[in-house]
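S.K.:
Chains as they are written, first to last, in the UniProt record's numbering: chain A, 1 to 625; chain B, 1 to 423.
1) Taking only beta-carbon positions, decide if residue 416 (chain A) is within less than 7 Å of chain B.
2) If you follow the beta strand (DSSP E) that residue 376 (chain A) is part of, which residue opens it and which one closes it?
3) For the beta strand (DSSP E) holding residue 36 (chain B), just list the boundary residues, first then last.
4) Determine the direct distance from the alpha carbon of residue 498 (chain A) to that of residue 427 (chain A), and round the result to whole angstroms.
5) For residue 357 (chain A), which residues in the same chain have their Cβ closer than 6 Å to its Cβ, ignoring the five residues on either side in sequence?
6) Kindly provide the ranges of any alpha helix (DSSP H) runs that are 4 or more residues long and lie completely inside the region 247-303 of chain B, ordered along the chain.
7) Report the residues of the region 329-360 of chain A with a CB closer than 7 Å to any CB of chain B, ordered along the chain.
8) Looking at residue 417 (chain A): is its Cβ nearer than 7 Å to the Cβ of residue 409 (chain A)?
9) On a Cα-Cα basis, can you pick out the residue from B:401, B:39 and B:90 that is closest to residue 69 (chain B)?
10) Let me confirm a value: residue 290 (chain A) is counted as buried when at least 16 other C-beta atoms fall within 10 Å, else exposed. Which label applies?
11) Between residue 308 (chain B) and residue 302 (chain B), which are expected to be in contact by the criterion C-beta below 8 Å, what is the C-beta distance as a whole number of angstroms?
12) What are the start and end residues of each continuous beta strand (DSSP E) run of 3 or more residues lying completely inside the region 436-499 of chain A, in chain order?
13) Starting from residue 553 (chain A), follow the beta strand (DSSP E) in both directions and report where the run begins and ends.
14) Any contact between the region 350-369 of chain B and the region 174-194 of chain B? By contact I mean 3 or more CB pairs, one from each, below 8 Å.
15) Nearest CA to the CA of residue 626 (chain A): which residue from A:393, A:175, A:545 and A:138?
16) Can you name, in chain order, every residue of its own chain whose Cβ lies under 6 Å from the Cβ of residue 114 (chain A), other than the five neighbours on each side?
17) Measure from the alpha carbon of residue 442 (chain B) to the alpha carbon of each residue in B:331, B:394 and B:386, then state which is nearest.
18) Can you tell me where the alpha helix (DSSP H) holding residue 332 (chain B) begins and where it ends?
19) Taking residue 123 (chain A) and residue 69 (chain A) to be in contact with their CB atoms under 8 Å, please state how far apart those CB atoms are, rounded to whole angstroms.
20) Please report the distance separating the alpha-carbon of residue 3 (chain A) from that of residue 43 (chain B).
21) Residue range of the beta strand (DSSP E) that residue 421 (chain A) falls in?
22) So the candidates are B:133, B:229, B:136 and B:300; which of them puts its Cα closest to the Cα of residue 175 (chain B)?
23) Within its chain, find whatever has a CB closer than 8 Å to the CB of residue 377 (chain B); leave out the 5 residues flanking it on each side and keep chain order.
24) From the DSSP output, in three-state form, read off residue 264 (chain A) for me.
25) Ends of the beta strand (DSSP E) at residue 544 (chain A)?
26) Quick one: grab the DSSP three-state call for residue 643 (chain A).
27) Using a cut-off of 8 Å between C-beta atoms, extract the partners of residue 275 (chain B) located in chain A.
28) Could you check whether the region 522-536 of chain A touches the region 569-578 of chain A, counting it as contact only if at least three pairs of C-beta atoms, one from each stretch, sit closer than 8 Å?
29) In the DSSP assignment, what are the bridge partners of residue 202 (chain A)?
30) How many angstroms separate the CA atom of residue 591 (chain A) from the CA atom of residue 387 (chain B)?
31) So, do the region 144-155 of chain A and the region 95-115 of chain A have three or more beta carbon pairs nearer to each other than 8 Å?
32) Determine whether the beta carbon atoms of residue 306 (chain B) and residue 134 (chain B) lie at a separation below 7 Å.
33) Could you check if residue 258 (chain A) is buried or exposed, using at least 16 other CB atoms within 10 Å of its CB as the buried criterion?
34) Our contact map puts residue 381 (chain B) next to residue 259 (chain B) with C-beta atoms below 8 Å; I'd like the distance itself, whole angstroms only.
35) With distances taken from CA atoms, which of B:372, B:20, B:7 and B:138 is nearest residue 326 (chain B)?
36) Looking at the unbroken alpha helix (DSSP H) that takes in residue 240 (chain A), where does it start and where does it end?
Listed below in structure tokens is the structure:
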């Protein structure tokens, strides 16, 4: 097969940076007439007291994990009253985001940027019970007020396009094939009036690479914009070098019984840093082996000698300080943050109380009663730093056991079909776990839901195959339509105590048109992470777990030869068509008749004339001679 | 009527062979169901099961991209026990359909319509196979066996077509129209066989009836029956699914627009994978027009042999339809022995059969290289489908030539056995 390589260059290709182009599209221009100016003044005066309800809080929570990891959890929260939000009086609430939300009729918004994998075995349950976490890449879900599904979708597209510009993310690629409408997996966290006609839409971009370009607009939404306060610790080099990190933006209305509503925006950044890795100076980032004299060797090994060492695990906890781990100290406190009266301190750390901590002068330390948490009230004028010396491990802040372990993998080989295997493990010896498993699959992955099977491994360690309906109490399934929408699967499941449940189903991989493949077609296609919502009681807030995203290899055609294929197929068709119609339209004659007939056609006559002429000339020539 | 012992032996033998295959190799049906050569998006049993699963749970199977088969199959298969637990009843059902198809084929053969019709009488009538041999040729064809074991739903279309023809050659023209209506309802393309089947019915009645037949009334009557049967079936389907446009676009729209490009033995899939987006609609139109053009051309030229038109058109479908499988080829090959008397007139039999054997052996191997081993690319399998189509079109063209030569010899008995040429 010969190749025509230039065709790749003709393809319109898209990159994830393109989303920024839509940034300017939805800027709202308002021209105020004299009347509306007057009206605005009246409204301003009337709603001026509403500013009193604006507030802003920020907090950093640090927790060292075993194996020299450090969880840093940043939280920024501000409220604004519904009236001032409606009148576009933004104080702490970012104007850019507020106007987008108003334009897209979005009542509640959740946006997540996540990279890495949460290691539940070493780090325990997720921060904020997983509710501030997204699947790998970008995840967005919002409640949009619209009279019907079509208008909600139109508003949703407006929203994704605008957010794409605001956050420099490829959110504009969230089209109908990547949008789902989960039924039971998400509940609004805000208070919405009964009368509103809300539509939940959910979209995920598992292939999106979250990076500094997303952090910068994220910081700009904060009142102190990363200049002072805990947000000064954000450094793209450190943040995106973390083993796991998640940025979130949540906007929701909160109403009192009397009907006074405030709009709350909460931004969080959670990251798990590897202390060793973060402490490496930027000028010399290459890890080097520990010098021989600093190695602690296991002398009980028979081969232990001058030049052979079996390193022992460290019995002391690593020393670290804020400025070492984050690359800079904390630059004072944000003057806009409310510190009066609230019990929230700007910096808290969860280590045993006997652990020694050094901190900058002028800082007040408060030890909380739980024996592990202590908080710091900072001196606004000075940069704050916090250092923990190396110390032998006596006692560690306990980690809870996660309620459920979940894991999803693609099984099978070959590019034609495969299977999905989801393993749920309930570690609790007594309580069953009820949860909702939500999965949105791209349309080119065609699941065969009739092949859904379940096996359960109980306390006795025996694997038993059971009908899936024994565990699944409710199934919401919306099959995919090619090039229109993806598959949406929601299962309400229950895993008995101390058991492991494995769900499997088969799927088929579609082969796409060659223009539908990305430039790196053989890398595979990303499948969005599954979302698990654990239902543990009615009143408590839900716990979310997300699986990792999957990479799905699809069969690929040969991209280099569209012309060859068109030509070869056309040749075969022309050959069939030509032969058949040739046979159909021609007359059958005997071979001798064919010669006689041949002389009567135009071609035969001309040929005859030519022959005759040649005969004449031939005779003349012989005469001359 | 005395029972033909040979026929009984053939049918019993075919049944036992299938049963033995299922019992000796229990995983064979599922393996064949997954083969792209056997199962296409419009006849795959696995997709039918998925559709059935959704149907029995009150989810519309047509509101999705997997199921594209006729709605009537759903209640039919809902009656059969769950195939994952009891595979045998479904297998036996498909064996039965195969035997019924073979019976229809032997009826066609026994009617002698292939050698002597109203306007045509072959010169070599004595070279003939009887119904039992024709049935045996069909039932023991590995392609037919593979289709049957894979439980491909195209066997129902085959039944529709074969029953239409067998009823037409026996003079049951109403049944013939109903059967062709059923086949068209199942997979759309048999509608192109309507005119040749109508000619078959017409010739039978024109030959048998004493007074001359009113052609217009006959044609209108039968067209009305055909359309009536189609409308009836669509109405029942509408009752089953509850949403007319949804199932129409998911079944016939799917046949027409070819959105699913899963590999198969045909010419369409790779062509439309590699086609530039702006030309896709144009070439879809061209391909369909091309397919339909044969119906007109063959009907005009071969008016004297309506059964031959049907056979040749089935050959055309096996090559050029959007989602062909080996079941289409097996149907065409099944009709060839009806024309045993044409075999001496064929010229490229060796070449055509070699090409078919070559591609049926290398096809699975090259598919494995592309999809599983990763040592080949899509072009490997694509090249084999080209050879397969080429082999079939050579066979078809050669067969057409033999048929026309035979027709010509009837007019020129003196030229029998002499060298001929087409001008």
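The C-beta atom is built at its ideal place from N, Cα and C for all residues, glycine as well.
M.R.: From the atom records:
1) Working through the first chain from its first residue, we reach residue 416 (chain A) at position 416. With respect to chain B, the C-beta atom of residue 416 (chain A) has a partner C-beta closer than 7 Å.
2) Here residue 376 (chain A) is taken as the residue at index 376 of the first chain, counted from 1. For residue 376 (chain A), the enclosing beta strand (DSSP E) begins and ends at 373-377.
3) In the second chain, counting from the first residue as 1, residue 36 (chain B) sits at position 36. Here residue 36 (chain B) belongs to no beta strand (DSSP E), and DSSP marks it neither H nor E.
4) Taking the first residue of the first chain as position 1, residue 427 (chain A) is located at position 427. Taking the first residue of the first chain as position 1, residue 498 (chain A) is located at position 498. Between the C-alpha atoms of residue 427 (chain A) and residue 498 (chain A) there is a straight-line separation of about 5 Å.
5) Stepping through the first chain from its first residue, residue 357 (chain A) is reached at position 357. Here the set comprises 388.
6) You should have 268-274 and 280-301.
7) For the region 329-360 of chain A, no residue has a beta-carbon sitting nearer than 7 Å to a beta-carbon of chain B.
8) Numbered from 1 along the first chain, position 417 holds the residue referred to as residue 417 (chain A). Numbered from 1 along the first chain, position 409 holds the residue referred to as residue 409 (chain A). The Cβ-Cβ distance between residue 417 (chain A) and residue 409 (chain A) does not fall below 7 Å.
9) Position 69 of the second chain, counted from the start, is the residue given in the question as residue 69 (chain B). The closest CA to that of residue 69 (chain B), considering only B:401, B:39 and B:90, is found on B:39.
10) Locating residue 290 (chain A) in the first chain gives position 290, counting from the first residue. Its Cβ having fewer than 16 others within 10 Å, residue 290 (chain A) is exposed.
11) As a working mapping, residue 308 (chain B) is identified with position 308 in the second chain. As a working mapping, residue 302 (chain B) is identified with position 302 in the second chain. Yes, they are in contact, since the Cβ atoms of residue 308 (chain B) and residue 302 (chain B) sit about 5 Å apart, within 8 Å.
12) Runs of the beta strand (DSSP E) inside the region 436-499 of chain A: 445-457, 463-466, 472-478 and 487-495.
13) Here residue 553 (chain A) is taken as the residue at index 553 of the first chain, counted from 1. Residue 553 (chain A) -> no beta strand (DSSP E), and no H or E assigned at all.
14) No: the two stretches stay apart, fewer than three of their Cβ pairs being nearer than 8 Å.
15) No information on residue 626 (chain A) is available, as it lies outside the stretch 1 to 625 that chain A covers here.
16) Your numbering for residue 114 (chain A) matches position 114 in the first chain. These residues qualify, in order along the chain: 134, 136 and 246.
17) What the structure shows of chain B is the stretch from 1 to 423, and residue 442 (chain B) is not part of that stretch, so it cannot be assessed.
18) Along the second chain, one-based indexing puts residue 332 (chain B) at 332. Here the alpha helix (DSSP H) through residue 332 (chain B) covers 326-335.
19) Within the first chain, numbered from 1, the residue matching residue 123 (chain A) stands at position 123. Within the first chain, numbered from 1, the residue matching residue 69 (chain A) stands at position 69. That belief holds up - the Cβ atoms of residue 123 (chain A) and residue 69 (chain A) are roughly 7 Å apart, short of 8 Å.
20) By 1-based counting over the first chain, the position of residue 3 (chain A) is 3. By 1-based counting over the second chain, the position of residue 43 (chain B) is 43. Any reading at residue 3 (chain A) must be qualified, since the residue scores a pLDDT of 37, below 50, and its modelled position is unreliable; no value is offered.
21) In the first chain, residue 421 (chain A) corresponds to position 421, counting from 1. That run of the beta strand (DSSP E) goes 417-425.
22) Indexing the second chain from 1 puts residue 175 (chain B) at position 175. Checking every option, the nearest Cα to that of residue 175 (chain B) belongs to B:229.
23) Mapped onto the second chain, residue 377 (chain B) falls at position 377. Only 370 meet the Cβ criterion.
24) For the purposes of this step, residue 264 (chain A) is identified with residue 264 of the first chain, where counting begins at 1. The answer is strand: DSSP assigns residue 264 (chain A) an E or B state.
25) Looking up residue 544 (chain A) in the first chain gives position 544. Residues 543-546.
26) Any property of residue 643 (chain A) remains undetermined from this structure, which presents chain A solely from 1 to 625.
27) Along the second chain, read from residue 1 onward, the residue named residue 275 (chain B) stands at position 275. Contact of residue 275 (chain B) with chain A by beta-carbon distance below 8 Å involves 513, 562 and 566.
28) Contact fails between the region 522-536 of chain A and the region 569-578 of chain A, because fewer than three Cβ pairs, one in each stretch, are under 8 Å apart.
29) Indexing the first chain from 1 puts residue 202 (chain A) at position 202. Beta-bridge analysis with DSSP links residue 202 (chain A) to A:141 and A:180.
30) Stepping through the first chain from its first residue, residue 591 (chain A) is reached at position 591. Stepping through the second chain from its first residue, residue 387 (chain B) is reached at position 387. Computed Cα separation, rounded: 32 Å.
31) Contact holds: three or more Cβ-Cβ distances are below 8 Å.
32) Here residue 306 (chain B) refers to the residue found at position 306 when the second chain is read from its first residue. Here residue 134 (chain B) refers to the residue found at position 134 when the second chain is read from its first residue. Contact check for residue 306 (chain B) against residue 134 (chain B) fails: the beta carbons are separated by 7 Å or more.
33) Your numbering for residue 258 (chain A) matches position 258 in the first chain. Classification of residue 258 (chain A): exposed, given that the 10 Å Cβ count is below 16.
34) Start at 1 with the first residue of the second chain, and residue 381 (chain B) comes out as number 381. Start at 1 with the first residue of the second chain, and residue 259 (chain B) comes out as number 259. Not quite, the Cβ-Cβ distance comes to about 20 Å (not below 8 Å), so this is no contact.
35) One-based indexing of the second chain puts residue 326 (chain B) at position 326. Per the Cα distances, B:138.
36) Walking along the first chain from the start, residue 240 (chain A) turns up at place 240. For residue 240 (chain A), no alpha helix (DSSP H) encloses it, and the DSSP letter there is neither H nor E.
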